[in-house]
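Note that the protein sequences, when read in sequence, are chains A and B. Here my numbering is used: the first residue of the first sequence is 1, the next is one more, and so on. Here my numbering is used: the first residue of the second sequence is 1, the next is one more, and so on. All C-beta atoms, glycine included, are put in the ideal place defined by N, C-alpha and C. Everything numeric in this text was worked out from a predicted model, so none of it was measured.
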Amino acid sequence: MSRELFKFKGGVHPPEHKTESNARPIHAAPLPRKLVIPLRQHIGNPAKPLVNVGDRVLKGQMIGEADGTISAAVHASSSGIVTAIDLQPVPHISGLPDLCISIETDGRDEWIEHGPLDYRTLAPADLRIRLRDLGLAGLGGAVFPSAVKLDPGATQHCPTLIINGGECEPWITCDDVLMRTRADEILQGVAIMRHLLGSTEILVGIEDNKPEAVAAMHAAAARMDFAVEIVVVPARYPGGGAKQMIQVLTGREVPSGKLSTDIGIQVFNVGTAYALARAVHHGEPLISRLVTVTGHVLRPQNFEVLIGTPMHTLITLAGDRDGTTGVLMGGPMMGMPMPNLDVPVVKATNCILVQSAELFPPLPKALPCIRCTRCADACPAELQPQELFRFAKAADFGRAQEYHLFDCIECGCCSYVCPSHIPLVDFYRYAKGEIWTREKDKRAADLARERHAFRQFRQEREKKEKAEKLAAKAQAKRAELAAAPDAAAPSEADAKKALIAAALARAQAKKAGTVPKNTDHLSPGTQQEIEEIEARRAKIRELAHQPLESEEKP
Amino acid sequence: MPSPFIIDRSSVTQVMAWVLAALLPGIAVYVWVFGPGILVTLSLATVTALAAEAAMLKARSYPAQPFLTDLSAVVTAWLLALSLPALAPWWLIVTGTLFAIVVAKHLYGGLGQNIFNPAMVGYAVLIVSFPVQMTQWAGPLELTAAPLTLAQSASVIFGGDVSKATLDAVTMATPLDSLRTGLLQQHTVDEIMTQPVFGHYGGIGFEWLATAFLLGGLVLWALRIISWQVPLAFLAGIWLTAGFLHFFDAGRFGAPWFHLFAPSVMLGAFFIATDPVSGATTPRGKLIFGLGAGFLTIVIRTWGGYPDGVAFAILLMNLCVPLIDQYTQPRIYGGAKKAKAPPA
């Protein structure tokens with residue numbers, strides 16, 4: 001069990017604050033009166049609603065179906081009546097509301113019919129579709145649809161499978177507690193992953209501040225019929241980041257701009273493995289997860305929470321206290337502040353961290369950068385944060401990109417160590433946002449320019465064609481006139497006059513043709529046809545206005 | 001307010017305070033070797049720097065808090081004071097400090113914006129403008145007949161009624177000056193080194209001061225306030241360049257240890273070249289910066305017009321920092337094995 005470990009560069013070791021919440025047993029949060037289930041809980045396209053207001057839904061019923069490959073379904077977490085499908089506040093960094101399905105629960109918690117899947121006999125592609133329809137997404141925080149990650153692609157196998165039990169963020173203990181109490185099911189999930197990915201080497205990385213979890217996983221590993229190596233890694237933030245975990249366990253780096261599967265490694269969070277086992281062995285969709293509620297509360301602990309439960313109910317359960325200054329979803333290094341506490345727990349909610357002035361004193365005023373390069377020493381992506389800061393501040397986004405802005409993982413180590421207390425990550429987020437916006441604008445402009453060029457080309461072509469047609473017609477007319485026997489020797493002027501007269505007559509005929517056509521009293525068939533044409537036109541106009549909707553998420 | 005929501009409790013003030021603390025052993029040895037006059041110089045420079053800082057902050061509409069208390073002006077003042085001759089006249093101290101704070105720091109944009117090390121700009125201005133006063137050093141007490149008390153020192157600094165005889169009794173050429181003058185008079189290095197001003201490695205007393213600065217610098221390195229690259233490369237640059245010359249003609253070029261154990265070199269290596277604002281930031285860049293400054297120091301000492309070259313060498317390397325940084329960008333995580341310099 002002694003495996004050579006490697007080091008990742010940089011990193012910090014903030015106070016861990018794990019013991020506050022990891023000692024108490026898991027408590028099942030009670031069924032709330034109302035569930036709010038966002039249709040966008042994963043990376044990729046949001047789910048498409050399958051129910052209508054007033055429908056009765058059962059626990060585990062799919063209420064939103066996956067839209068495309070990179071998407072996942074969402075389900076009713078309990079039985080009840082759909083009361084609304086509308087925009088609701090959601091836990092998202094933008095602070096903008098998103099489309100959600102609200103369910104008034106009936107207290108009966110009545111399951112839809114469900115049962116285990118035989119993953120060994122199902123074709124892998126079919127199994128992946130089932131997993132997508134069971135709503136599986138990575139529970140480590142990124143919520144990437146798991147079915148996509150379980151596709152080994154053309155090579156048919158991914159040699160190394162890493163199960164991430166790092167949990168390096170301070171305060172959060174849901175993975176720790178999960179490993180302590182549900183190690184067998186985690187490894188049952190790993191068995192399914194191994195089956196789908198064809199992996200031969202399976203490593204579980206756990207930071208050394210979780211000895212109980214390590215012991216439980218060791219014991220469970222001994223009970224499995226396949227080899228799993230439980231590896232204890234030094235606790236250092238962001239050691240639980242996928243790239244850092246890969247580096248520590250294998251000594252390999254994921255090349256910039258590539259995926260870990262390009263070097264034959266796939267990484268899943270322990271929570272995802274557990275959810276996968278529940279999905280396959282019990283047919284349960286992802287409708288609940290463990291959530292750490294900690295910080296400024298009376299009883300910090302982990303709850304088993306139904307997706308869609310409002311956050312304030314959990315804080316009340318853990319014992320809210322006076323002097324609360326804010327609430328974060330996630331940890332103090334990468335978490336995001338919640339706009340209000342009515343927002344629901346979603347698949348990405350690993351922790352609800354309640355802030356107080358003592359635990360989270362306001363950050364001091366920022367001073368100018370003194371280029372001390374502590375940030376560079378702390379950066380796990382091995383960037384030069386002080387230079388990125390300089391370029392971002394000067395809005396020199398081109399240089400920022402040359403200095404690898406997009407390799408920044410926003411872990412916050414630079415901001416953490418900065419003696420000038422500069423919110424560096426903020427500047428990088430701003431620069432990234434600006435660059436995305438500009439790229440989008442540029443692509444839209446390019447598209448518009450292309451369209452304009454094509455329009456001009458088309459108009460030119462039509463003009464030319466028209467001119468040719470006219471010339472041909474005139475030629476024919478002239479020939480006709482010349483051939484007329486009564487006009488013995490028509491002068492040039494006469495021919496021209498005749499041409500003009502003919503043209504006038506044609507124009508008049510055309511005018512008569514276009515003036516008041518009766519559009520009333522049409523037959524229903526024609527009317528419908530017209531409407532369809534109008535609808536198509538409107539759709540085209542709409543598309544023209546937002547040509548890049550599908551490309552919003554880079 | 002977005003993430004992260006916690007920070008390490010370090011601060012610019014803390015960094016500056018450590019730099020000042022690391023100078024204390026040097027200051028103590030200074031007092032022991034040259035007498036208490038340096039305390040007057042340090043105090044005067046500090047008061048001048050803080051007053052200039054406050055005035056410039058006000059003129060630039062910056063809040064006094066936290067800028068005045070970040071101690072960066074005090075660091076500049078101390079570094080300049082320690083570079084000046086002991087018993088330098090008050091107006092020399094005030095002029096140098098004012099130039100450092102007002103011109104080299106604030107006119108370039110204040111904390112974090114100065115291209116050049118402010119203390120070294122102040123020093124350079126003084127040595128160019130007042131070469132006589134800047135080379136009139138008080139000799140080590142060991143060689144002085146009647147050492148001055150604190151009051152007498154203050155009196156000398158403030159231009160009080162001190163007889164020229166008293167002053168002549170305490171001032172003498174520095175070891176570097178002696179070497180320079182001796183070489184100009186066609187003496188060999190060995191002959192010059194027999195003069196009483198020379199000690200084991202460097203000048204008598206001066207070598208102890210250099211050692212004290214070295215110790216303070218090692219503390220800063222142990223605390224990771226400075227990186228190892230700059231001091232090591234700077235000392236290596238001095239040692240290699242001086243050693244190369246000495247190897248070829250020991251009669252005309254001073255020994256590398258003599259060059260290394262000058263107080264200005266140790267102060268420069270650990271406290272001035274390591275100034276993050278005006279120095280290189282990349283690991284390889286720091287090595288180039290240090291080596292270049294060490295090399296230039298010996299070149300200026302040997303062939304330049306001034307006895308010491310640390311200040312000019314560092315200022316010249318300050319000038320090269322943007323170029324050095326640009327072409328020494330390190331490889332990033334997951335980047336190509338050989339880091340490519342980003343195009344300009």
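- For B/Ile-324, the CB contacts under 7 Å within the same chain, skipping 5 residues up- and downstream, are Ala-280, Gly-285, Ile-288 and Phe-289 in chain order.
- Where A/Asp-133 is concerned, the enclosing alpha helix (DSSP H) starts and stops at 124 to 133.
- Per the C-alpha coordinates, the member of B/Gly-26, B/Ala-59, B/Phe-234 and B/Leu-57 positioned closest to B/Leu-42 is B/Gly-26.
- When Cβ-Cβ separations below 8 Å define contact, B/Gly-37 makes no contact with chain A.
- Annotation for B/Met-317: the continuous alpha helix (DSSP H) segment containing it runs 310 to 327.
- A buried status is given to A/Gln-384, since no fewer than 16 other beta-carbon atoms sit within 10 Å of its beta-carbon.
- Its chain contains Leu-80, Gly-122 and Leu-126 as the residues whose beta carbon lies nearer than 6 Å to that of B/Gly-96, once the 5 sequence neighbours on both sides are disregarded; these appear in chain order.
- Contiguous alpha helix (DSSP H) elements confined to the region 376 to 440 of chain A occur at 385 to 393, 397 to 402 and 413 to 417, taking only those with 4 or more residues.
- Residue-level contact check: A/His-92 does not touch chain B, since none of the beta carbons of chain B fall below 8 Å from its beta carbon.
- Secondary structure of A/Thr-324 (DSSP, three-state): strand.
- Pairing B/Asp-190 with B/Ile-298, the inter-Cα distance amounts to about 18 Å.
- A/Tyr-237 carries a strand assignment under DSSP once its states are collapsed to helix, strand and coil.
- The Cβ of A/Val-297 sits no closer than 8 Å to any Cβ of chain B.
- Counting only Cβ-Cβ distances below 8 Å, A/Asp-426 has contacts in chain B at Pro-2, in chain order.
- Every beta strand (DSSP E) stretch that sits fully inside the region 225 to 301 of chain A and reaches 3 residues is listed by chain position as 229 to 233, 265 to 269 and 288 to 295.
- Residue-level contact check: A/Phe-360 touches chain B, since one or more beta carbons of chain B fall below 8 Å from its beta carbon.
- Between the beta-carbon of A/Tyr-119 and that of A/Ile-192 there is about 5 Å, and that keeps the pair under the 8 Å contact cut.
- The beta carbons of A/Leu-139 and A/Asn-269 sit closer together than 8 Å.
- Contact note: A/Met-333 reaches chain B through Ser-3, Pro-4, Phe-5 and Ile-6, using a C-beta cutoff of 9 Å and chain order.
- Close CB contacts of A/Ala-476 within its chain, under the 7 Å cut and outside five residues either way in sequence, are absent.
- Burial state of B/Ser-153 is buried, judged by a 10 Å Cβ sphere holding 16 or more other Cβ atoms.
- Put simply, of A/Gly-283, A/Leu-359, A/Ile-533 and A/Leu-197 the residue whose alpha carbon is nearest the alpha carbon of A/Gln-61 is A/Gly-283.
- With a contact defined as Cβ atoms closer than 8 Å, A/Ile-101 and A/Leu-161 miss out at about 34 Å.
- Interface criterion not met: the Cβ of B/Leu-80 is under 8 Å from no Cβ in chain A.
- Gly-110, Leu-111, Gly-112 and Gln-113: these are the residues of the region 97 to 128 of chain B whose beta carbon lies less than 8 Å from some beta carbon of chain A, given in chain order.
- Annotation for A/Asn-22: the continuous alpha helix (DSSP H) segment containing it runs 19 to 22.
- Taking the Cα of A/Ile-85 as reference, the smallest distance to any Cα among A/Gly-64, A/Pro-91, A/Thr-437 and A/Ile-186 is reached at A/Gly-64.
- In the three-state reduction of the DSSP assignment, B/Leu-141 falls in the helix class, which pools H, G and I.
- Within chain B, not a single residue places a beta-carbon under 7 Å from that of A/Val-354; the smallest gap is close to 12 Å.
- Within 8 Å of the CB of A/Lys-7, no CB atom of chain B is found; the nearest one sits about 12 Å away.
- Sequence-ordered contacts of the region 308 to 335 of chain B with chain A read Asp-325, Gln-329, Pro-330, Arg-331, Ile-332, Tyr-333, Gly-334 and Gly-335 [C-beta pairs closer than 8 Å].
- Residue-level contact check: A/His-421 touches chain B, since one or more beta carbons of chain B fall below 8 Å from its beta carbon.
- Not one beta carbon of chain B lies nearer than 8 Å to the beta carbon of A/Ser-102.
- Three or more beta-carbon pairs drawn from the region 273 to 293 of chain A and the region 349 to 357 of chain A are found closer than 8 Å, and the two stretches are therefore classed as touching.
- Around the C-beta of A/Gln-386, 16 or more other C-beta atoms lie within 10 Å, and the residue is accordingly described as buried.
- A/Ala-137 is bridged by DSSP to A/Pro-145.
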